[in-house]
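First to last, the sequence lines map onto chains A, B, C and D.
Taken in order, the first sequence gives residues 1 to 256; the numbers are from my numbering.
Taken in order, the second sequence gives residues 257 to 512; the numbers are from my numbering.
Taken in order, the third sequence gives residues 513 to 768; the numbers are from my numbering.
Taken in order, the fourth sequence gives residues 769 to 1024; the numbers are from my numbering.
All C-beta atoms in this analysis are idealised placements derived from N, C-alpha and C, irrespective of residue type, glycine included.
Note sheet for the following structure.
Number of protein chains: 4
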Amino acid sequence: MDELEIDAVAEAELDDPVLVEGLPGVGHVGKLAGDHLLEELAGDSTLVRRLYSREFPPKVSVEDGVSELTCAEIHAVSVEDGRDLLVLTGDHQAQSNTGHYVLTDAILDIAEEFGASELFALGGVPTGELIEEYAVVGAVSDESMCEPFEEVGVEFREDEPAGGIVGVSGLLLGLGERRGFEAACLMGETSGYLVDPKSARAVLEVLEELLEFELDYESLDDRAEEMEEVVGKIQEMEQQQQQQQVPTDDDLRYIG
Amino acid sequence: MDELEIDAVAEAELDDPVLVEGLPGVGHVGKLAGDHLLEELAGDSTLVRRLYSREFPPKVSVEDGVSELTCAEIHAVSVEDGRDLLVLTGDHQAQSNTGHYVLTDAILDIAEEFGASELFALGGVPTGELIEEYAVVGAVSDESMCEPFEEVGVEFREDEPAGGIVGVSGLLLGLGERRGFEAACLMGETSGYLVDPKSARAVLEVLEELLEFELDYESLDDRAEEMEEVVGKIQEMEQQQQQQQVPTDDDLRYIG
Amino acid sequence: MDELEIDAVAEAELDDPVLVEGLPGVGHVGKLAGDHLLEELAGDSTLVRRLYSREFPPKVSVEDGVSELTCAEIHAVSVEDGRDLLVLTGDHQAQSNTGHYVLTDAILDIAEEFGASELFALGGVPTGELIEEYAVVGAVSDESMCEPFEEVGVEFREDEPAGGIVGVSGLLLGLGERRGFEAACLMGETSGYLVDPKSARAVLEVLEELLEFELDYESLDDRAEEMEEVVGKIQEMEQQQQQQQVPTDDDLRYIG
Amino acid sequence: MDELEIDAVAEAELDDPVLVEGLPGVGHVGKLAGDHLLEELAGDSTLVRRLYSREFPPKVSVEDGVSELTCAEIHAVSVEDGRDLLVLTGDHQAQSNTGHYVLTDAILDIAEEFGASELFALGGVPTGELIEEYAVVGAVSDESMCEPFEEVGVEFREDEPAGGIVGVSGLLLGLGERRGFEAACLMGETSGYLVDPKSARAVLEVLEELLEFELDYESLDDRAEEMEEVVGKIQEMEQQQQQQQVPTDDDLRYIG
């Protein structure tokens, strides 16, 4: 295995496509969004590239007994009445600091190969608490890009994301800008504690407006309901534990 | 020391051999199995290769005062009325993520050199608790391989192993598949807390059926008995500790 | 992204300049000092180089929604009646041991390119407690350099800094000396717990004397006042917590 | 800084010298021994090589205000009526797994350059408790080497050192053996908690017998006395703390 191995699985003709990145990160928002996008547009998409790398975790995933080596996948998506897309999905980011740089450069190479000059990195921005309303926070590689984003409700905040954007999403902006891309990151607010399908939906709704495609959200909403049940149970359990820890009069009488 | 150094210790003519990997992992199952296999078939085996690498821990092991640099060994085994084998054993896996890729590629190079196109990685799948019955869970590089395995009792489970297979065992499947091998991983159930000779035996019994050789298990069973004594003592000690922690009436009287 | 990428943003003619390094470290003293120096001498300075590297954290910082890839910057500063300067600033050190060596060599390359043969690394030396007086401790690459420093109040102490000087500051002395530079490190005493603008001021006052430029300190003093308010509040909170933990007669009566 | 930089500080003619390694490790035994050896034979020794490397910690040590880049030193020692020596000393081991391999190969290159074919790595073997008698445990690269060592009191134990020998000391045996050296490691028993001059003395006394030189031990004995005072004080403090933690009748009366 070289530092990088790129399998050309198939080819596709795309017209000025937009790269959309959906790798795991905060709240798994980017991954949920990218996976859902592909699911909904499966009829219009073709797997074109697989990236393998020494920089990925040294493992295989196993599904129904069949193994698959860690990789990232790029699908070419050609929607009617919408922008052509290159969708990047995967289960892992790189495992070292330099690895992130290596991987991001490879992704940009592939994007250039297909004629892309714009990209969206999708992710989450942690709020530290469970939330009801899901704003989408933005970051762009150049100031001139802000207006169309603000028009569809993306918020550019003074102090967020605190600490910047780490990993492939951040480097797609940083290295993308150096290589002539118009790069943006859309981050759905999320608690940061859980996988968050509602946050993924918020991000995809912005993307729909900007890239003119339409998605159905039924499966994401189903997942959101499952998550809410889980959250409910955790909160119940925590309350029970707290009640158990307060010493009652009976406990004290036993000691004294 | 280069990234890899392979010593050709001896040569051997093998007919369509199967690579069998027994490096340490969960419950040391793979290592116990690999070492036992070599012990039992010692009369039919020749040490052919030693692998040294910067990716191994920087240490020597010491036995009776004599040092030995960390390495992995490959033995050629030619059993009558059974498949020829290349058995990989060692005390350590690689020490870094990229190191696992480097090491696994080297192992596959050697396997190809001897004409192998099939491989078995041996390991354990942790159950999190002590068990009585030892199932063997399987993972294969291609779906078409499942049937003969199921026929000898290997179980292909929907959600196991959770988290996939990490390290050389996993990469033997992942990189092996890319290089044209038929690759399988046999994992004996094990608690994950202890070295588990019974799990190793379960795995070897499956291998016996698939590769048509016969093993004696006396020394493995002896080790299993030793382990059971150790487990028994640990359980006794834990019970005593628990009894000591419950405050008795006497303790309470002292405070009050 | 190569191991290093150096953008030549602009050129400048400097006469025997001195390299001044202000990267983050203990108490952020070096960074505060470097940033303040640039702020005050902005009228006389030009950004000449940006360093990007795989050895920097794989992230972008985001300010008002606009992203910027991690980098270090070098400004050429030409002050009237003072030594010409090359000022190195940035938000991060390298992320690995070998990375520090790589980065420091690159910085020295640029310094040589502009004709520098002297350098100052700025930092802090931790005292472990809040202090009132701010001494500046020194380290030099050659004994002959001590006198002029002592004359302006720099202290060379027998056992400080204990553990030496780690990171780019230390390597600027170590590698700088091997490459023919006269290298010195000025370290302001600081508690080590907080960002310390007073310590940065102490260091800059020494630099002013040695390099014959003049700085205004109003903005640094403002930051120092803010820090003192923060410290005051932390001390108040700690006192309150301590008072709460002492069991009162009332608490004891409740148990007994 | 390349991966390695070796400064040829001076040359020396040695006759079949023995490489003696004294880098820091368990109980700092090897370092104390190596430093003491050089101190005592200073009149007969010349600094011949300095090794710098990206694999060393990225720092300078500072003594009386003067900086020194992390390095290892090799002195050539020509004693009358004793074996010629190449003594390796330093303050640090390599900082990564692969770094140990790189560093050890460089040391062996220099040893070969000076015509050495035998080596001694000096270190400590931890007992886990303070001891009175200091045995010296041995490990050799080949079984045939044991006898002369046993004759001077070196012990070859069945299960020690458990876990083998890690770092440059271990690799000097492992890589040394592959490069045709007769390699041995002498390890003084030590608690593992403290710097141990008595253990260093025990190791040097064995070396004296094997290599036919004579050392004075006054300064090492002084250090041993200092250590014993420190140990005494720590033991006193621990006893006081224990006495304070036992609740007295008075304490209990207060609660009840």
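Which whole-angstrom value describes the C-beta separation of residue i and residue j, a residue pair presumed to lie in contact below a C-beta threshold of 8 Å?
{"i": "glutamate 406(B)", "j": "phenylalanine 412(B)", "result": "7 Å"}
{"i": "serine 909(D)", "j": "leucine 941(D)", "result": "5 Å"}
{"i": "leucine 706(C)", "j": "valine 743(C)", "result": "7 Å"}
{"i": "leucine 890(D)", "j": "valine 794(D)", "result": "At roughly 11 Å, the Cβ-Cβ gap does not stay under 8 Å, so leucine 890(D) and valine 794(D) are not in contact."}
{"i": "alanine 903(D)", "j": "glycine 321(B)", "result": "Wrong, their Cβ atoms sit about 13 Å apart, outside the cutoff."}
{"i": "leucine 549(C)", "j": "valine 591(C)", "result": "So it is not a contact: roughly 10 Å between Cβ atoms."}
{"i": "asparagine 97(A)", "j": "proline 570(C)", "result": "5 Å"}
{"i": "glycine 896(D)", "j": "serine 959(D)", "result": "7 Å"}
{"i": "proline 186(A)", "j": "valine 166(A)", "result": "Inspection of the sequence shows that residue 186(A) is occupied by leucine rather than by proline. Not a contact, Cβ separation roughly 16 Å."}
{"i": "arginine 691(C)", "j": "isoleucine 622(C)", "result": "In fact, because the Cβ distance is near 12 Å, the residues do not count as touching under 8 Å."}
Run through chain G and tell me which residues come within less than 7 Å of residue i, C-beta to C-beta.
{"i": "arginine 310(B)", "result": "No chain G is part of this structure, whose protein chains are labelled A, B, C and D."}
For residue i, I'd like the list of residues in its chain whose CB is within less than 7 Å of its CB, leaving aside the five on either flank, ordered along the chain.
{"i": "leucine 103(A)", "result": "Ser53, Glu55, Ala94, Val168"}
{"i": "alanine 116(A)", "result": "Pro17, Val18, Leu19, Leu86"}
{"i": "glutamate 468(B)", "result": "Asp337, Gly338, Arg339"}
{"i": "glycine 512(B)", "result": "Only weak support is given to the placement of glycine 512(B): the predicted model assigns it a pLDDT of 41, under 50, and the question is left unresolved by the model."}
{"i": "proline 453(B)", "result": "Leu288, Leu476, Arg479, Ala480, Met483"}
{"i": "glutamate 494(B)", "result": "none"}
{"i": "leucine 51(A)", "result": "Leu4, Ile6, Cys71, Ala72, Ala106"}
{"i": "aspartate 803(D)", "result": "Gly790, Thr857"}
{"i": "methionine 401(B)", "result": "Glu438, Ala440"}
{"i": "glutamate 208(A)", "result": "Glu214, Leu215"}
{"i": "leucine 972(D)", "result": "Ala801, His804, Leu805, Leu983"}
Output the boundary residues of the alpha helix (DSSP H) element that contains residue i.
{"i": "isoleucine 453(B)", "result": "It is worth fixing the name first, because residue 453(B) is proline in this sequence and not isoleucine. Taken as a continuous stretch (DSSP letters only), the alpha helix (DSSP H) holding proline 453(B) covers 453 to 467."}
{"i": "threonine 98(A)", "result": "97 to 113"}
{"i": "glycine 542(C)", "result": "541 to 552"}
{"i": "serine 937(D)", "result": "936 to 946"}
{"i": "glutamate 831(D)", "result": "It is not in any alpha helix (DSSP H) - glutamate 831(D) instead sits in the beta strand (DSSP E) that spans 827 to 831."}
{"i": "glutamate 663(C)", "result": "658 to 663"}
Kindly indicate which residue of the options has the alpha-carbon position closest to the one of residue i.
{"i": "glutamate 533(C)", "options": "Gln751(C), Ala554(C), Ala522(C), His587(C)", "result": "His587(C)"}
{"i": "glycine 700(C)", "options": "Leu683(C), Glu670(C), Phe693(C), Gly665(C)", "result": "Gly665(C)"}
{"i": "alanine 458(B)", "options": "Arg306(B), Asp300(B), Glu416(B), Val381(B)", "result": "Val381(B)"}
{"i": "glutamine 1003(D)", "options": "Ala874(D), Asp927(D), Glu976(D), Leu898(D)", "result": "Leu898(D)"}
{"i": "leucine 375(B)", "options": "Val316(B), Leu431(B), Met493(B)", "result": "Leu431(B)"}
{"i": "alanine 776(D)", "options": "Arg947(D), Ala840(D), Gly833(D)", "result": "Ala840(D)"}
{"i": "glutamate 271(B)", "options": "Asp320(B), Thr345(B), Glu369(B)", "result": "Checking the sequence shown, residue 271(B) turns out to be aspartate, not glutamate. If we check each option's Cα against that of aspartate 271(B), Glu369(B) comes out closest."}
{"i": "alanine 930(D)", "options": "Val316(B), Asp258(B), Pro280(B), Asp291(B)", "result": "Val316(B)"}
{"i": "alanine 951(D)", "options": "Leu466(B), Gly299(B), Leu325(B)", "result": "Leu325(B)"}
{"i": "valine 318(B)", "options": "Gln1011(D), Asp927(D), Phe949(D)", "result": "Asp927(D)"}
{"i": "glutamate 945(D)", "options": "Asp258(B), Asp300(B), Ser323(B), Arg305(B)", "result": "Ser323(B)"}
{"i": "tyrosine 357(B)", "options": "Asp2(A), Tyr101(A), Glu133(A), Gly43(A)", "result": "Asp2(A)"}
Give the range of the beta strand (DSSP E) segment to which residue i is assigned.
{"i": "leucine 442(B)", "result": "438 to 446"}
{"i": "glycine 892(D)", "result": "886 to 894"}
{"i": "arginine 50(A)", "result": "45 to 53"}
{"i": "glutamate 523(C)", "result": "Taken as a continuous stretch (DSSP letters only), glutamate 523(C) belongs to no beta strand (DSSP E), as it is neither H nor E."}
{"i": "glutamate 789(D)", "result": "786 to 790"}
{"i": "isoleucine 842(D)", "result": "840 to 845"}
{"i": "valine 136(A)", "result": "136 to 140"}
Identify, in the order they occur along the chain, each residue of the same chain with its Cβ nearer than 8 Å to the Cβ of residue i, setting aside the five sequence neighbours on each side.
{"i": "glutamate 39(A)", "result": "Ser219"}
{"i": "glycine 932(D)", "result": "Gly938"}
{"i": "aspartate 472(B)", "result": "Glu296"}
With a CB to CB cut of under 6 Å and the five nearest residues on each side skipped, what residues in its chain are close to residue i?
{"i": "threonine 814(D)", "result": "Ala778, Ala780, Ala844"}
Hey, is residue i close to the ligand SAM, as in C-beta under 7 Å from one of its heavy atoms?
{"i": "arginine 561(C)", "result": "The ligand SAM is not among the ligands present in this structure, which contains no ligands whatsoever."}
Task: Under 8 Å (Cβ pairs) to chain A, residues found in the segment 394 to 412 of chain B - done: Gly394, Ala395, Val396, Ser397, Asp398, Glu399, Cys402, Phe412
Open item on the list: Please list, in chain order, the residues of the segment 314 to 326 of chain B that have any C-beta partner in chain D closer than 9 Å.
Closed with: Pro314, Lys315, Val316, Ser317, Val318, Glu319, Asp320, Gly321, Val322, Ser323, Glu324, Leu325, Thr326
Open item on the list: So if I threshold CB-CB distances at 8 Å, which residues from the segment 590 to 608 of chain C count as touching chain A?
Closed with: Gln607, Ser608
Task: Residues of the segment 468 to 487 of chain B whose Cβ lies closer than 7 Å to any Cβ of chain D, in chain order - done: Result list empty, no residue passes.
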